[in-house]
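Below is one structure, written out as structure tokens; comments come after it.
Chains as they are written, first to last, in our numbering: chain A, 1 to 131; chain B, 1001 to 1181.
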């Protein structure tokens, strides 16, 4: 019966390690590593996780603010709009603060007063009586 | 110092003495285990130091559930695999295949002291897929039991036997081709 060649079994030198090490390497290695060294962690390595978390937080806030501003409707109010919307102001003091000086400076004619009285429904007889 | 002595020292909390025992008992074995994968002495030396740092860091968590030597080999093998992955990435960047780089390393190694057949054997081993390479090295050179290799790699004995069979056949065929040429 013909025996099949198996080079991995037949060549015994193949199991030997063909690599070598520099002379005295293992002795020196054991000497140098026998005492466990405290694994030195640099300052940056210690603070890196916290720095990363802070960076993520800042970027989230910045991006969120930017997106919020972009999603809000942009509306430039004209002076007329402001006057229009000021009627809806709950606090009239603010209106006076804004326009008080203009009101004081405005000259109110007797015609304006009459128009106002007519508009508010005050009768002419009533005005005559009050004189 | 035997493995039992080292385990006892660990159990007593005498970590430094246990670590000292591991360094003295296992430096050579772990060195050759790593060297078969990396081929280069300098890379092996650097990685071996990292492995011992890992061992020192992990030593308090060693409970003795597995054999000491399989635990050590598992740490070393994981470090080797990480190193090989980094090497692959570097090869990708440099546009040279990782296998070509290792082949060049074997050819240019000043610490290679074997014959041509041995050189071809180690080149053939480098061509094997990662898992087959691990099984082949541990089984062929270290003559380790499949149960222990399974403990190191976390693979079933059946799968390891199949991997070893494939690896063995491939390496044998590669060497036969070299001889025939």
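Glycine included, every Cβ here is placed at the ideal spot set by N, Cα and C. Nothing here was measured: the structure is a model prediction, and the numbers come from that model.
The beta carbons of residue 1051 of chain B and residue 1076 of chain B sit closer together than 7 Å.
By the C-beta criterion, the region 1065-1080 of chain B is judged to be in contact with the region 1039-1057 of chain B, since at least 3 inter-stretch pairs fall below 8 Å. The alpha carbon of residue 1087 of chain B has as its nearest neighbour, out of B:1031, B:1002, B:1024, B:1040, the alpha carbon of B:1040.
Against chain A, the CB of residue 1020 of chain B has a partner CB under 7 Å away; the residue lies at that interface. Taking the CA atoms as reference points, residue 77 of chain A sits about 10 Å from residue 85 of chain A.
Any Cβ of chain B closer than 7 Å to the Cβ of residue 34 of chain A would place that residue at the interface, and such an atom is present. The beta-carbon separation of residue 1118 of chain B and residue 13 of chain A, rounded to 7 Å, stays under the 8 Å limit for a contact. Taking a contact as a CB-CB distance under 8 Å, the pair residue 1044 of chain B and residue 1034 of chain B counts as one, their CB atoms being some 5 Å apart. Between the alpha carbons of residue 1166 of chain B and residue 1019 of chain B lies a gap of roughly 37 Å.
For the set B:1004, B:1047, B:1017, the Cα lying nearest the Cα of residue 1030 of chain B is the one of B:1047.
Neighbours of residue 1027 of chain B in chain A, taken as residues at a C-beta separation under 7 Å, are given in chain order as 26, 29, 30. Excluding its 5 nearest sequence neighbours in each direction, residue 1102 of chain B has C-beta neighbours in its own chain below 7 Å: 1039, 1126, listed in chain order. Proximity to residue 1151 of chain B across B:1072, B:1110, B:1042 peaks at B:1072, based on C-alpha coordinates. Between the alpha carbons of residue 1068 of chain B and residue 1003 of chain B lies a gap of roughly 6 Å. DSSP places residue 1037 of chain B within a helical segment (H, G or I) once states are collapsed to three.
Less than 7 Å separates the beta-carbon of residue 1023 of chain B from that of residue 30 of chain A.
By the CB criterion at 7 Å, residue 1124 of chain B and residue 1065 of chain B fall outside the cutoff. Chain order gives the chain A residues near residue 1023 of chain B as 30, 33, 34, where near means a beta carbon separation below 7 Å. A direct Cα-to-Cα measurement between residue 57 of chain A and residue 1094 of chain B gives close to 37 Å.
Setting aside the 5 residues that flank it on each side, residue 7 of chain A is surrounded in the same chain by 14, each with a C-beta closer than 8 Å to its C-beta; the list follows chain order.
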